[in-house]
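So the structure is just underneath, and the comments pick up after that.
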Amino acid sequence: MTLSVSGLSVSSLVRDVSFEIGAGERVGLIGESGSGKSLTALSIMGLLPDELRASGSVRLGDRELLGMSEKDLSRLRGDELAMVFQEPMTALNPAMRVGRQVTEPGRIHGRRHRAEDLLSSVGLADTARAYPHQLSGGQRQRVVLAMALANEPSLLICDEPTTALDVTVQAQILTLIKAALSRESALLFITHDLAVVASVCERVLVMLDGEIVEAGSTREVLTSPKHEYTRKLLAASDLEARR
Ligand SMILES: Nc1ncnc2c1ncn2[C@@H]1O[C@H](COP(=O)(O)OP(=O)(O)OP(=O)(O)O)[C@@H](O)[C@H]1O
Numbered sequence: 088m089t090l091s092v093s094g095l096s097v098s099s100l101v102r103d104v105s106f107e108i109g110a111g112e113r114v115g116l117i118g119e120s121g122s123g124k125s126l127t128a129l130s131i132m133g134l135l136p137d138e139l140r141a142s143g144s145v146r147l148g149d150r151e152l153l154g155m156s157e158k159d160l161s162r163l164r165g166d167e168l169a170m171v172f173q174e175p176m177t178a179l180n181p182a183m184r185v186g187r188q189v190t191e192p193g194r195i196h197g198r199r200h201r202a203e204d205l206l207s208s209v210g211l212a213d214t215a216r217a218y219p220h221q222l223s224g225g226q227r228q229r230v231v232l233a234m235a236l237a238n239e240p241s242l243l244i245c246d247e248p249t250t251a252l253d254v255t256v257q258a259q260i261l262t263l264i265k266a267a268l269s270r271e272s273a274l275l276f277i278t279h280d281l282a283v284v285a286s287v288c289e290r291v292l293v294m295l296d297g298e299i300v301e302a303g304s305t306r307e308v309l310t311s312p313k314h315e316y317t318r319k320l321l322a323a324s325d326l327e328a329r330r
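Residues 88 to 330 in this note's numbering are what the sequence shown spells out, letter by letter.
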C-alpha cells in the first residue's frame, strides 16, 4: 500500500511537504533538530498535539487520513499504521508484563498472537514475564518493535528509534528492523544519523526549516548532494570515516 503525502503543512512549522512511499520501500527523513521531521510523522499518524492542525493530504492506499475521525484513526494505529519513538518507555506500561503488552495490539484488532512468538521474533525469548524496568533500554526498544510489527503494518514510522541507545545496541536494533519488517511494509525512518540512513534506506528526504529541500536515492543524495544544506550535513557527519 502506498503512502502519499501531498502539500502537507502544519501551521507554518511544516510547509507544503510532498512525498510517496510505496509498499516495501524504506525512506529516510533527515534534517537538523526543529526542521519538522517529527511533526510530519505525527501528522501522518494523526497524533499532532491539539494546538496544531495539519492541512493538505495524507493518503494510505485510497484512504485520506487527514480529517479522519479519531475512532477510525485509532483503528488504523497499531494495525496498518505503527510508530516507534526514541524513548521506549513512552510506549510501554511500566506496570504490565511485556508478554501481555506485546500481544495487546493484536488483541485490540481481533488477532491472537502468542507473546513468546512475538518476543522471539525480536530476539527476546523467555522475557514474557518481565516488567519493562527489568529490561535494558535496547531490550525495551525490541519489545516496542515487536508490538509495532505484530500486525504487519502497511507503514512503520521510526522516529530516532536508536538515538537513546549505545552504538552496539543501535546496530542490533537496525539489523532487527531490516530483518523483521515485512516485505510489504513501507518504512519512514527519521534520524539525524546519515550512516543509519545509508544502512537502512534506499531513498532519502532532506528537511530544512519545515520544507523538503532535497529528495532522491540514498546513494545519489549522499554521494552527490544538490542542496547546499545537504552538503553541510554531509560535511558535518563522520559518514566517510565509518565506511
Ligand atoms: N506543539 C507545538 N507548538 C508549537 N511549536 C511546536 C510544537 N511542537 C513542535 N513545535 C516546533 O515545530 C518545529 C518542528 O518540530 P519537530 O519536532 O517536528 O522537529 P524535528 O525535526 O523532529 O526535531 P528533532 O530532531 O529535535 O526531533 C520546531 O521549531 C518546534 O519547536
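Heads up, the beta-carbon is just placed ideally off N, CA and C, and yes, glycines get one too.
Since the structure is predicted, the reported quantities are computational estimates derived from the model, not experimental observations.
Report task. Measure from the alpha carbon of G225 to the alpha carbon of each residue in A237, A258, S105, S207, then state which is nearest. Result -> A258
Check: Is any heavy atom in ligand 1 found nearer than 7 Å to the beta carbon of H200?
Finding: no
Q.
So for V209, helix, strand or coil by DSSP?
A. coil
Notebook entry, point to check: Hey, would you say the C-beta of L95 is under 7 Å away from at least one heavy atom of ligand 1?
Noted result: no
**Message:** Distance check for V293 and R187, CA to CA, integer angstroms please.
**Reply:** 38 Å
S125 vs D296 beta-carbon contact at 8 Å:
no
| query | Opposite L147 in the DSSP bridges: which residues? | reply | L90, R150
In this structure, does DSSP put D246 in helix, strand or coil? strand
(request) Specify, as a first and last residue, the run of the beta strand (DSSP E) that L274 falls within. (result) 273-277
Would you say C288 and G115 are within 8 Å of each other, going by their C-beta atoms? yes
**Q.** Contact set for L281: own chain, Cβ-Cβ below 8 Å, skip 5 residues either direction
**A.** I117, L309, L320, L321, S324, L326
| query | Of all residues in the structure, which have a C-beta closer than 6 Å to any heavy atom of ligand 1, taken in chain order? | reply | L100, G118, S120, G121, S122, G123, K124, S125, L126, P136, E138, L139
For T317, does the count of other Cβ atoms within 10 angstroms reach 16, so buried, or fall short, so exposed? buried
- Of the choices G111, P240, T262, S241, whose alpha-carbon is the least far from that of T249? T262
- request: Tell me, please, which residues DSSP counts as bridged to F172.
  value: F172 is not bridged to any residue.
For this session: Tell me whether the beta-carbon of L242 lies closer than 8 Å to the beta-carbon of L168.
Result: yes
Check: Roughly how many whole angstroms lie between the Cα atoms of T89 and V300?
Finding: 22 Å
**Report entry** Sequence-distant residues of the same chain with beta carbon closer than 6 Å to E298, five excluded per side
**Finding:** R102
What's the call for M183, buried or exposed, on a 16-neighbour Cβ count within 10 Å? exposed
Q: On a CA-only basis, which of A178, T255, E271, A141 is nearest S93? Give me that one, please.
A: A141
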